[in-house]
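Our numbering numbers the first residue of the sequence shown as 26 and each following residue consecutively. One structure is given here, and the rest of the page talks about it.
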Amino acid sequence: MLTGDWILVSPHRMKRPWQGKVEDLPKDDRPAYDPTCYLCPGNKRADGANNPPYKEPYSFINDFSALLADTPAGGFAEDGLLSAKSESGICKVICFSPQHNLTLPQMSVEAIEKVIELWQREFKELSANPAIKYIQIFENKGEVMGCSNPHPHGQIWSSSSVPLELTKETVQQKNYFEKNQTSLLSAYISLELKKKERIVLENEDFVALVPFWAVWPYETMIVSKRHILNMTQFAKQEKRSFAVILKQLTAKYDNLFNISFPYSAGMHQVPVNDGEHPEWHWHMHFYPPLLRSATVKKFMVGYEMLANPQRDITPETAAAKLRELSSVHYTEQKLQNG
């Protein structure tokens with residue numbers, strides 16, 4: 026629906042025996058401060074610069090940026106077959122907390138609100154640059170997702186063109202908006218709230234659900250109930266509600282297998298400096314790879330790479346499992362049970 030892609034759902038494949046790759050359990054014994062970590066306060070980063078002794082969420086230009094602001098414009102087309110163009114941009118790192126051993130579900134709602142406020146400031150600042158057309162806020166959590174440093178952090182990549190996935194979502198949302206004069210995701214969450222089959226969490230301002238078209242085993246999406254183009258439009262209450270549902274959802278993920286649950290997550294927001302896009306509706310995707318246990322993940326290979334995405338459990342089953350889990354992090358439950 027949101028991208029136009031079809032998904033093959035094969036729940037009977039969960040019965041097959043597994044003798045393949047088994048991941049190591051993530052380590053859960055990190056100190057609050059690591060003198061060797063290049064993201065901890067006061068430490069030297071890879072490029073030789075020193076982090077300030079920050080006490081709250083902190084951002085800086087990525088020392089190994091994939092996109093560079095001073096990339097010269099250019100490109101070529103050859104024989105009607107080959108084409109290339111330059112892409113410029115700004116990449117930033119967002120340290121969520123000065124504490125090395127915290128992740129979002131272990132942070133307080135107030136601390137998560139401060140992360141949200143930093144995201145908002147970065148979005149506003151980057152969107153003021155006319156060379157920027159899209160701002161991607163995301164987090165890779167866990168070694169299995171290629172995270173290069175365990176310190177709680179995310180990234181922002183802002184680019185001079187609108188990326189492929191966002192272009193696909195723009196087309197689908199625009200087509201629906203032009204036909205129905207309402208946002209695609211407003212209509213979709215209205216349907217989901219009536220059916221309740223794929224809802225994981227809900228509060229006054231946001232819904233967390235397993236999308237009907239989910240590809241990854243426990244994929245979820247947070248959608249604002251109000252038709253909002255980007256997160257700078259959050260009202261004060263919405264900012265608080267987002268912090269609450271973000272903490273609760275990520276706690277449920279960790280509680281699924283009692284580990285620090287890996288995922289790639291990111292917000293999809295309206296393109297900037299790209300004309301009017303009334304069709305756009307803010308949302309946040311979570312793509313976690315784990316399938317059967319803390320050590321067995323879904324591999325997108327073979328048929329998935331060559332033909333069509335395929336998932337092994339139904340969205341309804343995944344939503345039911347997540348829904349029944351506590352929103353209190355398992356480490357906090359242990360302390361309470363003492």
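Note that the Cβ used here is the ideal one computed from N, Cα and C, for glycine as well. Quantities reported herein were computed from a predicted structural model and do not represent experimental measurements.
For chain B, find out if any of its Cβ atoms is closer than 8 Å to the Cβ of residue i; answer yes or no.
i, result
"Thr192", "The structure shown contains no chain B, having only a single protein chain."
What distance in whole Å lies between the Cβ atoms of residue j and residue i, which are believed to be in contact at a cut-off of 8 Å?
i, j, result
"Gly179", "Ile162", "7 Å"
"Thr275", "Leu129", "5 Å"
"Asn68", "Pro56", "No, Asn68 and Pro56 are not in contact; Cβ-Cβ is about 13 Å, not under 8 Å."
"Asn255", "Gln294", "4 Å"
"Pro77", "Pro66", "7 Å"
"Ser183", "Leu151", "5 Å"
"Tyr63", "Asn174", "7 Å"
For residue i and residue j, what's the separation of their Cα atoms in angstroms?
i, j, result
"Leu316", "Gly100", "42 Å"
"Ala98", "Asn154", "16 Å"
"Arg265", "Glu229", "10 Å"
"Pro314", "Pro236", "15 Å"
"Gly114", "Arg336", "34 Å"
"His176", "Ser122", "8 Å"
"Glu217", "Ala343", "15 Å"
"Lys166", "Tyr312", "10 Å"
"Ile160", "Glu138", "20 Å"
"Gln258", "Val187", "21 Å"
"His310", "Phe267", "13 Å"
"Ser208", "Glu304", "6 Å"
"Leu191", "Ile253", "16 Å"
"Arg348", "Tyr79", "36 Å"
"Leu331", "Ala260", "44 Å"
"Val353", "Lys204", "42 Å"
"Glu263", "His302", "22 Å"
"Cys120", "Glu142", "13 Å"
"Arg38", "Tyr243", "16 Å"
"Phe85", "Val34", "41 Å"
Excluding the five sequence neighbours on either side, which residues of its own chain have a C-beta within less than 7 Å of the C-beta of residue i, listed in chain order?
i, result
"Ser318", "Phe282"
"Lys322", "Glu48, Val169, Pro314, Leu315, Leu316"
"Trp43", "Low confidence applies to Trp43: its pLDDT is 45, below 50, so where it sits in the model is not reliable enough to give any reading."
"Gln124", "Ala57"
"Leu92", "Glu112, Ser113, Gly114, Ile115, Cys116, Trp182, Ser184"
"Leu127", "Pro177"
"Ala102", "Ser108"
"Val240", "Ile32, Pro334, Arg336"
"Ala345", "none"
Put residue i into one of helix, strand or coil per three-state DSSP.
i, result
"Lys80", "coil"
"Cys120", "strand"
"Thr339", "coil"
"Ser208", "coil"
"Arg317", "strand"
"Thr96", "coil"
"Gln44", "Since pLDDT at Gln44 reaches only 46, below the 50 mark, its modelled position is unreliable, and the value read off the structure follows with that caveat. It is coil, neither helix nor strand."
"Ile247", "strand"
"Lys199", "helix"
"Asn68", "coil"
"Tyr370", "What is shown of the chain runs 26 to 363, which leaves residue 370 out entirely."
"Val353", "coil"
"Phe267", "helix"
"Trp144", "helix"
"Thr322", "Note on identity: in this sequence residue 322 is Lys, with Thr being the wrong assignment. In the structure shown, Lys322 sits in a strand (DSSP, three-state: E or B)."
"Lys110", "strand"
"Phe286", "coil"
"Ser152", "helix"
"Glu222", "coil"
"Glu304", "coil"
"Ala74", "coil"
"Glu240", "Note that residue 240 is Val in the sequence shown, not Glu. Val240: coil per DSSP, three-state reduction."
"His37", "helix"
"Ser183", "strand"
"Glu229", "coil"
"Ala332", "coil"
"Ile137", "helix"
"Ile86", "strand"
"Ala102", "strand"
"Val297", "coil"
"Ile32", "coil"
"Tyr312", "strand"
Going by beta carbon distance, what residues of the same chain come within less than 6 Å of residue i, once the five residues before and after it are set aside?
i, result
"Met299", "Strictly speaking, residue 299 in this sequence is Asp, with Met absent from that position. These residues qualify, in order along the chain: Lys158."
"Trp238", "Met26, Ile32"
"Ser90", "Cys116"
"Val232", "Ile214, Val248"
Output needed for residue i: all residues of its chain with C-beta closer than 8 Å, excluding positions within five of it in sequence on either side, in chain order.
i, result
"Ser351", "Ala276, Lys277, Asn280, Gln358"
"Gly29", "Lys193, Val196, Gln197"
"Asn87", "Cys116, Lys117, Val118, Gln180"
"Glu341", "Glu222, Arg223, Val235"
I want to check one thing, is the minimum distance from the CB of residue i to the heavy atoms of the ligand GDP below 7 Å?
i, result
"Ala74", "This structure lacks the ligand GDP, and indeed carries no ligand of any kind."
On the three-pair Cβ rule with 8 Å, is the segment 244-253 touching the segment 203-216?
yes
Under 8 Å: do the segment 216-231 and the segment 323-332 share three or more Cβ pairs, one atom per stretch?
no
Can you confirm whether the segment 144-154 touches the segment 191-200 when touching is taken to mean that 3 or more C-beta pairs between the two stretches lie within less than 8 Å?
no
Decide if the segment 119-134 is in contact with the segment 267-274; the criterion is three or more beta carbon pairs, one per stretch, under 8 Å apart.
yes
Touch test, the segment 167-177 against the segment 102-109, Cβ-Cβ under 8 Å, three pairs minimum
Contact between the segment 167-177 and the segment 102-109 is not established, with fewer than three Cβ pairs separated by less than 8 Å.
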